[in-house]
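What follows is one structure encoded as structure tokens, with my remarks underneath.
Residue numbers (this note's numbering): 1431 to 1991.
So this is what it looks like as structure tokens:
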């Protein structure tokens, strides 16, 4: 009986196995679950292997053509091929990402599905005293977020060594024996590890590092003790106490000498916890506190006899009573003019100037000569008060005379021009005049006074080389004009009387034309940077003979300052 049961059980198991195998075979020979690669499906998914009825055949707004469908696997297409997608905005590398998916995500796609590219290689990213084992792309993102330069070490191959590398920048006391005397040097862990007795016979013990401790700490029992001396340290803003070995300790605070505050000489005290942190003037000139701050206008500087202890204080590095009579913060820059500027009023021979306050000194930086550059100034509103910044930039005057419409003339995004109403070109176009300045034939175009008309002129006229005929003559000649005045005869022996265009005989008309002339450049009658008024650039002739109109030069002089 037992044997029969075993045989029956074996038959059942065989039959069951055959049924299972038959079922698997049936599934493998059924119709496939996909027959195309859809660039986009009707449900909004990208790069899917599916049936063609599921494909979105609408127009792609980015390409203005229909979304693509290909009778093959997405892995074999050009648009859905998997690769490496680099998201520079987040600093991420994503493997096996279809090209189309990467592109619509504003990523950079590379033909390597496993991201074996330099941008995605792992390494040690150092950020101050912190470290992270990430890709180069991620390191750039993190460094930018904290406002630091990218410091990426490709040669570090694991996270453990990366973290150890960050600790090498820890600061503290390095204690060792020098000629059998226990001494100390303040610095980084890396510097301490480099203090090796095998390299210096006078060092008689292995150095040990004590993070965050000062060499003057009582617990270390070294020969470095507290003092009341101070020093400035390269790369630091503040005044520091020093110990008897010359090591820096904490920020100078006259209320915390060792006899008054022994605890101040044991471990590092952060800047934010030191005396008068956040002072609006960076403790400039303070006798008792050395917590200087460069961005608030102070820095450590030697000044014997000014501090309660030591010979260093927070020196005021702002600028006072500058050339224009104003005071400026360290780092501020501003424009200084040699006379009126803008609307064609720049003095003959003038040049735009940029002034900068650097460590208490007023530095002058001229913009490009002949007014090829102008100085622009802007005032920024910050938590620490307003901050003035200035810069020299190109003078965009060259196409002003080509503008026929006032709106185009005053488009400050493209040019530096202003509109004069009551003047009009006659003859040659302004474009031809500009070309003539570059070596073409002389212009014959003219300008005349016409009501309800206007011309676009340079806001800051170009400086001209008056000793050369070419450029100066071509440009200034635009404001030369010939006018016809009509006279009528009266009765016998009576004088002729002007009947038409009589305005051109007045000093007012001549003054208007001179304003047009000076707006073109260093032309006409005007004042130079030396304060000297010259009228050689303007001349009035009547029937070919030079004529002087009463009050003409006085009128022009008054209008030009």
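Using N, Cα and C, we set each Cβ at its ideal position, and we do this for glycine too. Fair warning: this is a prediction, and the values are worked out from it, not measured in the lab.
Helix, strand or coil at residue i according to DSSP, with G and I counted as helix
i	result
residue 1522	strand
residue 1714	coil
residue 1770	coil
residue 1506	helix
residue 1836	helix
residue 1698	coil
residue 1549	helix
residue 1482	helix
residue 1692	helix
residue 1575	helix
residue 1562	strand
residue 1747	coil
residue 1569	helix
residue 1968	coil
residue 1533	helix
residue 1731	strand
Close Cβ partners of residue i (< 7 Å) along its chain, the five nearest in sequence each way excluded
i	result
residue 1609	1632, 1634
residue 1823	1803, 1804, 1806
residue 1973	none
residue 1914	1931
residue 1654	1613, 1614, 1645, 1646, 1673, 1674, 1675, 1677
residue 1597	1619
residue 1512	1505, 1526, 1527, 1528, 1543
residue 1502	1467
residue 1800	1892, 1893
residue 1650	1603, 1605, 1614, 1640, 1643
Proximity of residue i and residue j at Cβ, strictly below 8 Å
i	j	result
residue 1381	residue 1570	The question about residue 1381 has no answer, for the chain in this structure spans 1431 to 1991.
residue 1951	residue 1894	yes
residue 1687	residue 1739	yes
residue 1667	residue 1730	yes
residue 1488	residue 1475	no
residue 1747	residue 1760	yes
residue 1683	residue 1719	yes
residue 1642	residue 1586	no
residue 1912	residue 1848	no
residue 1543	residue 1526	yes
residue 1830	residue 1770	no
residue 1588	residue 1559	no
residue 1784	residue 1820	yes
residue 1787	residue 1749	yes
Pairwise C-alpha distance: residue j and residue i
i	j	result
residue 1781	residue 1891	11 Å
residue 1647	residue 1696	4 Å
residue 1767	residue 1947	22 Å
residue 1742	residue 1705	16 Å
residue 1751	residue 1712	20 Å
residue 1795	residue 1808	17 Å
residue 1837	residue 1556	53 Å
residue 1652	residue 1817	48 Å
residue 1461	residue 1580	Per-residue confidence for residue 1461 stands at a pLDDT of 41, beneath the threshold of 50, marking its modelled position as unreliable; the derived number appears in the next sentence. Taking the straight line joining both Cα atoms gives about 55 Å.
residue 1665	residue 1636	30 Å
residue 1662	residue 1792	24 Å
residue 1845	residue 1575	36 Å
residue 1679	residue 1640	14 Å
residue 1827	residue 1842	11 Å
residue 1813	residue 1549	38 Å
residue 1996	residue 1701	Absent from the model: residue 1996. The displayed extent of the chain is 1431 to 1991, so no value can be given.
residue 1578	residue 1724	18 Å
residue 1703	residue 1670	14 Å
Close beta carbons around residue i, own chain, < 8 Å, minus the five adjacent residues each side
i	result
residue 1519	1536, 1571
residue 1920	1926, 1927
residue 1499	1466, 1467, 1468, 1469, 1482, 1485, 1487
residue 1685	1691, 1705, 1718
residue 1595	1554, 1556, 1561, 1583, 1586
residue 1459	Confidence at residue 1459 is low in this model, with a pLDDT of 35, below 50, so the placement of that residue is unreliable and no value is reported for it.
Any non-hydrogen atom of the ligand HEM within 7 Å of residue i CB
i	result
residue 1625	In the structure shown, the ligand HEM is absent, as is every other ligand, since no ligand is present at all.
Spatial neighbours of residue i in its chain, beta-carbon cut-off 6 Å, leaving aside the 5 residues before and after
i	result
residue 1538	1516
residue 1478	1468, 1471
residue 1532	1515, 1539
### Query
Which whole runs of the alpha helix (DSSP H) in the segment 1583-1659 are 4 residues long or more, in chain order?
1589-1597, 1619-1623
#### Entry: Those runs of the beta strand (DSSP E) which lie wholly inside the segment 1920-1953 and span at least 3 residues
1927-1930
### Query
Taking only runs of the beta strand (DSSP E) that begin and end inside the segment 1794-1825, which ones reach a length of at least 3 residues, in chain order?
1803-1812, 1815-1824
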